[in-house]
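Number of protein chains: 2
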Amino acid sequence: MSYYKHHVFFCLNERANGEASCAQHAAKDAFDRCKARVKAAGLAGPGGVRVNKAGCLDRCAGGPVAVVYPEGTWYTFVDADDIDEIVDRHLQGGEVVERLLLPPDVGR
Amino acid sequence: MSYYKHHVFFCLNERANGEASCAQHAAKDAFDRCKARVKAAGLAGPGGVRVNKAGCLDRCAGGPVAVVYPEGTWYTFVDADDIDEIVDRHLQGGEVVERLLLPPDVGR
Numbered sequence: 050m051s052y053y054k055h056h057v058f059f060c061l062n063e064r065a066n067g068e069a070s071c072a073q074h075a076a077k078d079a080f081d082r083c084k085a086r087v088k089a090a091g092l093a094g095p096g097g098v099r100v101n102k103a104g105c106l107d108r109c110a111g112g113p114v115a116v117v118y119p120e121g122t123w124y125t126f127v128d129a130d131d132i133d134e135i136v137d138r139h140l141q142g143g144e145v146v147e148r149l150l151l152p153p154d155v156g157r
Numbered sequence: 050m051s052y053y054k055h056h057v058f059f060c061l062n063e064r065a066n067g068e069a070s071c072a073q074h075a076a077k078d079a080f081d082r083c084k085a086r087v088k089a090a091g092l093a094g095p096g097g098v099r100v101n102k103a104g105c106l107d108r109c110a111g112g113p114v115a116v117v118y119p120e121g122t123w124y125t126f127v128d129a130d131d132i133d134e135i136v137d138r139h140l141q142g143g144e145v146v147e148r149l150l151l152p153p154d155v156g157r
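Chains A and B supply the protein sequences, listed in that same order. The first sequence runs 50 to 157 under the numbering used here. The second sequence runs 50 to 157 under the numbering used here.
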């Protein structure tokens, strides 16, 4: 069994040269909201959910992005409602949020 | 299928208050070595291996630590030889390196 039931990684990468990056698209706000909502729902911790900072996940064309392991589900999101839906339906409910899935061919 | 066959996350967390953290234990050197060796072996990229920076993975008592998804294999390591063995045997060979496994009860 996985140490965390769901381990979520948010790309918080910020490029020094001013190129587009997830950090420019409020990725940190999304990370903070996800972490707070997971904690408030009592989901955080071993056997539960871990919301993690990450560097560039190299699927920048679909950014901002996050990935949930061990299931390997990739999401792209726009606003707080998207994050809330990922927490409530996927991290709590165990259901994939189809409308926010990152298309499989999206890369750097 | 997972976008990456093996997605490796290294904790590179550094605590501002001087408390013990993975960054104090050469986690960045390990990350750099892993990334370079994966690239040199031609394993990097979609369908292959991604070596990623991460924030605190919250299993600090066993640090420095890294986790490989989607399999959810957690490692602790000491030196460059350990990293090379993880790359060669696990990321290239698909075999778990038993001697470097983080014990399941190790937490924060």
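All residues carry an ideal CB built from backbone N, CA and C; glycine is no exception. Keep in mind it's a predicted model, so treat the numbers as computed, not measured.
- Query: Since Lys102/B meets chain E, which of its residues come closer than 7 Å, beta carbon to beta carbon?
  - Reply: Absence of chain E from the displayed structure is noted, the protein chains being A and B.
- Message: So if I threshold CB-CB distances at 7 Å, which residues from the stretch 76-95 of chain B count as touching chain A?
- Response: Pro95
- Measuring CB to CB, does Gly142/B end up less than 8 Å from Cys60/B? no
- Message: Does the stretch 56-76 of chain B come into contact with the stretch 102-111 of chain B, if we say contact requires no fewer than three beta-carbon pairs (one atom in each stretch) closer than 8 Å?
- Response: With a cut-off of 8 Å, the stretch 102-111 of chain B and the stretch 56-76 of chain B count as touching, because enough Cβ pairs lie within range.
- Give me whichever residues DSSP pairs with His55/B in a beta bridge. Under DSSP, the beta-bridge partners assigned to His55/B are Val98/B.
- Task: Go through the stretch 93-152 of chain B residue by residue and report every complete run of the beta strand (DSSP E) that reaches 3 residues or more, in order.
- Result: 98-103, 114-118 and 122-125
- Query: With 8 Å set as the bound, which would you pick, yes or no: does the beta-carbon of Asp128/B sit closer than that to a beta-carbon of chain A?
  - Reply: So, not an interface residue.
- Task: Over the uninterrupted alpha helix (DSSP H) stretch that includes Val155/A, give me the two end residues.
- Result: Unbroken run through Val155/A: none, as it is neither H nor E.
- Output the distance between the C-alpha atoms of Leu149/A and Ala69/B, rounded to the nearest integer angstrom. 38 Å
- Query: Is Lys102/A buried or exposed, if buried means 16 or more other CB atoms sit within 10 Å of its CB?
  - Reply: In the assembly as shown, Lys102/A is a buried residue. Its beta-carbon has 16 or more other beta-carbons within 10 Å.
- Message: For the structure I just gave you, are there three or more beta carbon pairs, one from the stretch 75-95 of chain B and one from the stretch 123-137 of chain B, closer than 8 Å?
- Response: With a cut-off of 8 Å on Cβ pairs, the stretch 75-95 of chain B is in contact with the stretch 123-137 of chain B, counting three or more such pairs.
- Query: Name the DSSP bridge partner or partners of Cys60/B?
  - Reply: In DSSP, Cys60/B forms a bridge with Ala103/B.
- Query: Should Arg64/A be flagged as near chain B, meaning a C-beta pair shorter than 8 Å?
  - Reply: no
- Task: Go ahead and pull the three-state DSSP assignment for Ala76/B.
- Result: helix
- Task: Using a Cβ-Cβ cut-off of 8 Å, state whether Pro152/B counts as contacting chain A.
- Result: no
- Are there 16 or more other CB atoms within 10 angstroms of the CB of Ala84/B, so buried, or fewer, so exposed? The sequence shown places Lys at residue 84/B, rather than the Ala named in the question. Classification for Lys84/B: buried.
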